[in-house]
Amino acid sequence: MAEAGSFADKVKQQADIVRVVGEYVRLKKTGKDFSGLCPFHQEKTPSFTVSPIKQIFYCFGCGKGGDVYNFVMDMEKVEFPDAVRLVAEKSGIAIPRPKERSPEERKENQQRGVLVEMHREAQIFFVKQLEGTLEGKAARAYLEDRGLDKDAIARFGIGYTPSGGDALLRFLRSKYKENLLADSGLISRDQSGRLFDRFRRRITFPIANDSGKIVAFGARALGDDQPKYLNSPETPIYSKSNVLYHMDRAKDALRREDFAILVEGYMDAIAVARAGISNVVASCGTSLAEPQIKLLGRFTKRVIVNYDPDTAGQAATERSLSSLLEQDFEVRVLALPPVGDKKADPDLFIRERGKDEYIKLVKEAPPYVDYLIARARRMDLSTGEGKVRAVNFLLPYVQKIPNRILRSEWATRIAQQLRLEEPVLRAALSRAAAERRSEVKTQPELVGRAAKPVERRLIRMLAEAQDFRQELAKRLQDARLYHGLETEKIFAALIVASLSGAPVEATEVAALLEERDRRMLFEILFEESSELTWEEAASCIEALQHRQAERELADVQRSIEANPPVTEMRGLLEKKQELMRRLAAAR
Ligand SMILES: [Zn+2]
5 MAEAGSFADK VKQQADIVRV VGEYVRLKKT GKDFSGLCPF HQEKTPSFTV SPIKQIFYCF
65 GCGKGGDVYN FVMDMEKVEF PDAVRLVAEK SGIAIPRPKE RSPEERKENQ QRGVLVEMHR
125 EAQIFFVKQL EGTLEGKAAR AYLEDRGLDK DAIARFGIGY TPSGGDALLR FLRSKYKENL
185 LADSGLISRD QSGRLFDRFR RRITFPIAND SGKIVAFGAR ALGDDQPKYL NSPETPIYSK
245 SNVLYHMDRA KDALRREDFA ILVEGYMDAI AVARAGISNV VASCGTSLAE PQIKLLGRFT
305 KRVIVNYDPD TAGQAATERS LSSLLEQDFE VRVLALPPVG DKKADPDLFI RERGKDEYIK
365 LVKEAPPYVD YLIARARRMD LSTGEGKVRA VNFLLPYVQK IPNRILRSEW ATRIAQQLRL
425 EEPVLRAALS RAAAERRSEV KTQPELVGRA AKPVERRLIR MLAEAQDFRQ ELAKRLQDAR
485 LYHGLETEKI FAALIVASLS GAPVEATEVA ALLEERDRRM LFEILFEESS ELTWEEAASC
545 IEALQHRQAE RELADVQRSI EANPPVTEMR GLLEKKQELM RRLAAAR
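Each residue of the sequence shown is one higher than the one before, counting from 5 in my numbering.
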C-alpha cells in the first residue's frame, strides 16, 4: 500500500495513529497501548487496542485491524487515496499537487471532461424543449397529470427530447467530433454509420454521479412507445452499477437520518423526495450492484427497500436483500398495500394516498425477516413438501445474518410462524442458525485456535527483530522448520517479507493472510513481550527441530509397522536409531 518513499509512506511516518483514532474513539492508556470501545462492533467492555509503538490497531472482539489508513478507510468508508488525504489533513501535512499523468491518462481524462460538458449542454437543450416548444407542451401536460408541477420540473431538471430524431444531434454537431458524439451515449449510430438521437419523444431525467455531475439520462416514453424506460448506455463517464439516482442530493439527509429509502426508478425517487424524504435513492434497474451498495454504505448502513410490488420487483427485493445483508446492512422492507385494485409503487401510492400515509408506513416498515416470513406464509404450507419449499426459501437469508444469537432467534421464530413440527425442518433451521456459509466473510468462531508459545515468539521476532530477523528467516526456510505447523502460512508470509530485506510492515503481511491467520498475527503482535534476543530465537529453533524430529520419528515408526521388504526395512531402522539419538541428545 504505502510504497517506501511515496507520499502515503511519508504521511504514515509523520502521522500518529493514536491521535487519528482518538478523534473517533475515546482511548485510555493501558500499559504501553491504548484501548477503547470498538467503533466497528457493539461492545460494553473495550477490546479495541491501539499500539503507538507499532502504529497499528486491532480489535480482539471483531478482528478488525491494520494501520492508520485501514482505520480511516473503514471508518470513513473511503478508498486508499482518500484515506491518505484525510490522514494528511488531520496531521497537518501539506498535500502535493497530483503528478502529471501519462499521455493516455491525460487524453482519457480530457475526453471524460468533454463528455461531462456535452451532458451539461444536452441538459440545457432538453429543458428548453420542454419549456418552449409545442411538443414540449404536450409533455408538460403529461407531467402535470402525474402530479409534477413547475417547481418539481425545475427541481429535478426534467426535460423533453423531441420526436424528430436528430434535434439534439443538430444542436451538438457543430461543437463536437462525430466519434465523441457516438461515445456519449446521447447519439447512436446505425449500421450505415449515420448518427441519430438515442432518445426521441421522451421525458428526460438527468442522472448525476455522487458529486453532482450529470453523466447520463433516463428517458420515459411519452406515449406507448417501447421500451417505456430507456437509459443511457454504459459510457466512459457512466456505469450503471456505480451510480445511484438522487445520491448527489441525498447525501446530507443520509448522514443526518442515518438510513436510506431504496426505490427502483427515478419517478419513485422524485415522488419520495417531494414527500419530504430527501434520503431516497433509486437503483435505476431491478437489481442492486455491489458498487452501488458500497457507495451507499459510505453514508449509512441502514436501508428500507421499497421496490415495486410486482413479481419483478419482489424478485429484485429479494436479490437486493441478499447483497445488502452480505455487506452487513440493517435492512427493512416496505411493501406498499394496493391502491384500489392497483399494485402501488411509491410514486402511485404517494399521489393517491398522500405523503403522510407514506411516511407513516416508512416508520412502520418491518425488518426484512418479517417480510420474508410473510412471503413464506403465503406459500402452500398444508403439505410437508410445501413446508420444505418455504424453509428452503428462507434458509439462505437466515444464513446471512451475521450475528449468531440473532440467527438462532430468527430460526425459532420461523419455526413458530410456519408451524413447523417436523423435527427434520427444525433441524435444518437450527443447522442454518448455527453455521454460516463459507462465502460469508467474518467467522469469529475460528479465532483463538492454539498456536504454541514457541511459534508465537518466532512470529513476533520475524515481524519485529530488526537485527536478526533476516538470519532467522533463512534458518527457518533452509530447514523447512515451519512446514506442517498450524501457523505455517503466517511464517511463510513473514519469511518472504524478511528475506526481501525491506522493513516488514505487519499490516501488509496481514493483508495477504486469510481471516483466521490475519487475526492470529495481530493477536501475537499485541501480546506482552520481553526483549527479543538471538539466544531466545536459537532456543526456539531448537524446539522446532525437536518437534520436527519427533514428527519424522513417528513417520518412520509407521513405515516400520507396515512391514516393508527387508532392504527398505534396514534403512528405516537406521533412520529410527539416528532420530532417537538426536532426540536424546537434545533432552
Ligand atoms: Zn471490534
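Built from N, CA and C at the ideal position, the CB exists for glycine as well.
Using alpha carbons as the reference points, say which of the options lies closest to residue i.
i      : options                           : result
ARG155 : ILE274, LEU577 and SER245         : Correcting the residue type first, residue 155 is Asp in the shown sequence and not Arg. Nearest of ILE274, LEU577 and SER245 to ASP155, Cα basis: ILE274.
ARG336 : VAL366, LEU352 and PRO313         : VAL366
LEU292 : THR416, ARG408, LEU248 and THR511 : LEU248
ARG523 : SER533, ALA510, GLU535 and GLU532 : ALA510
ARG259 : SER243, TYR270 and SER282         : SER282
ALA348 : TYR311, ASP214 and ARG198         : TYR311
LYS217 : ALA223, TYR242 and ASP194         : TYR242
ALA541 : GLN474, GLU389 and LEU576         : GLN474
VAL131 : ARG116, GLY67 and PHE209          : PHE209
LEU424 : ARG393, GLN403 and LYS404         : ARG393
GLN421 : ARG381, THR387, TYR375 and SER215 : ARG381
ILE162 : ARG206, VAL29, ILE564 and ALA186  : ARG206
GLY9   : ASP149, LEU226 and PRO507         : PRO507
ASP314 : VAL284, ASP345 and ASP214         : ASP345
GLN17  : ARG30, GLY40, ALA369 and TYR73    : TYR73
ARG203 : LEU583, PRO237 and ILE363         : The sequence given here has Phe at residue 203, not Arg. With distances taken between Cα atoms, PHE203 lies closest to PRO237.
ALA225 : LEU266, ASP153, ARG411 and THR165 : THR165
VAL256 : ILE363, ALA469 and ASP214         : Rather than Val, the amino acid found at residue 256 in this sequence is Asp. Among ILE363, ALA469 and ASP214, the Cα nearest to that of ASP256 belongs to ASP214.
PHE472 : LEU266, ARG551, GLU539 and VAL343 : GLU539
ARG89  : GLY140, ASP71 and PHE11           : PHE11
VAL458 : ILE545, GLN581 and ASN396         : ILE545
THR491 : GLU527, ASP351 and ASP262         : GLU527
SER504 : GLN470, ILE211, LEU199 and ALA515 : GLN470
ALA467 : VAL513, ALA432, LYS478 and SER434 : VAL513
ALA369 : PHE221, ILE308, ARG520 and PHE38  : ILE308
LYS580 : ALA589, GLY189 and ALA553         : ALA553
Kindly indicate the opening and closing residues of the alpha helix (DSSP H) around residue i.
i      : result
SER95  : Unbroken run through SER95: none, as it is neither H nor E.
THR511 : 510-515
PRO107 : 107-136
PHE495 : 492-503
ARG460 : 457-468
ASP351 : 350-357
GLY26  : 21-26
GLY301 : 294-301
VAL82  : Careful: VAL82 lies outside any alpha helix (DSSP H) and carries neither H nor E.
VAL247 : No alpha helix (DSSP H) contains VAL247, which DSSP labels as neither H nor E.
ASP176 : In the sequence as displayed, the identity of residue 176 is Leu instead of Asp. First-last of the alpha helix (DSSP H) with LEU176: 171-177.
LYS391 : 388-404
TYR372 : 372-381
VAL29  : Careful: VAL29 lies outside any alpha helix (DSSP H) and carries neither H nor E.
ASN183 : 182-187
LYS154 : 154-159
ILE241 : Careful: ILE241 lies outside any alpha helix (DSSP H) and carries neither H nor E.
LEU418 : Here residue 418 turns out to be Ile, not Leu, going by the sequence shown. Counting along the chain, the alpha helix (DSSP H) containing ILE418 begins and ends at 408-421.
SER543 : 538-565
In terms of residues, what are the limits of the beta strand (DSSP E) holding residue i?
i      : result
ALA275 : Careful: ALA275 lies outside any beta strand (DSSP E), inside the alpha helix (DSSP H) at 270-278.
THR165 : 163-165
ALA483 : From DSSP, ALA483 is part of no beta strand (DSSP E); its letter is neither H nor E.
SER192 : 191-193
GLU34  : Checking the sequence shown, residue 34 turns out to be Thr, not Glu. Taken as a continuous stretch (DSSP letters only), the beta strand (DSSP E) holding THR34 covers 32-34.
ASP201 : 199-201
ALA286 : 284-286
Where DSSP assigns a beta bridge to residue i, which residues make up the other side?
i      : result
VAL307 : ALA264 and VAL335
ILE207 : TYR164 and ARG224
THR53  : SER39 and TYR62
LEU234 : ALA223
LYS346 : VAL343
GLY317 : Paired residues: none, contrary to the question.
ILE612 : Because the chain spans 5 through 591 in this model, residue 612 falls outside it and cannot be assessed.
Any beta-carbon of chain B closer than 9 angstroms to the one on residue i?
i      : result
VAL120 : Structure shown: chain B not included; a single protein chain is present.
For residue i, is the beta carbon positioned less than 8 angstroms from some heavy atom of ligand 2?
i      : result
VAL570 : Ligand 2 is not among the ligands present in this structure, which contains only ligand 1.
Residues with C-beta closer than 5 angstroms to any heavy atom of ligand 1, in chain order: A residue is listed when its beta-carbon falls short of 5 angstroms from at least one non-hydrogen atom of ligand 1; in chain order these are CYS42, PHE44, HIS45, CYS63, GLY65 and CYS66.
Pairing CB atoms from the region 172-189 with CB atoms from the region 123-130, are three or more of them under 8 angstroms? Yes, since at least three Cβ pairs between the region 172-189 and the region 123-130 fall closer than 8 angstroms, the two stretches touch.
Do the region 93-112 and the region 49-68 meet, that is, are 3 or more Cβ pairs less than 8 angstroms apart? As far as the Cβ criterion goes, the region 93-112 does not touch the region 49-68, which means the pair count is below three.
Cβ contact check for the region 463-472 and the region 498-514: 3 or more pairs under 8 angstroms: Yes: at least three Cβ pairs fall under 8 angstroms.
Stretch pair the region 35-48 + the region 61-70: three plus CB contacts closer than 8 angstroms: They touch, by the three-pair rule.
With three or more C-beta pairs closer than 8 angstroms as the rule, is the region 483-493 touching the region 24-43? Between the region 24-43 and the region 483-493 there are fewer than three C-beta pairs closer than 8 angstroms, too few to call the two in contact.
Does the region 321-338 come into contact with the region 383-401, if we say contact requires no fewer than three beta-carbon pairs (one atom in each stretch) closer than 8 angstroms? Touching, yes.
Decide if the region 222-238 is in contact with the region 103-119; the criterion is three or more beta carbon pairs, one per stretch, under 8 angstroms apart. Taking a cut-off of 8 angstroms for Cβ pairs, the region 222-238 and the region 103-119 do not touch, as fewer than three such pairs fall below it.
Assess, as a yes-or-no matter, whether the region 179-199 is touched by the region 135-150 under the definition of 3 or more beta carbon pairs within less than 8 angstroms. By the Cβ test, the region 135-150 is not in contact with the region 179-199, since fewer than three Cβ pairs between them sit closer than 8 angstroms.
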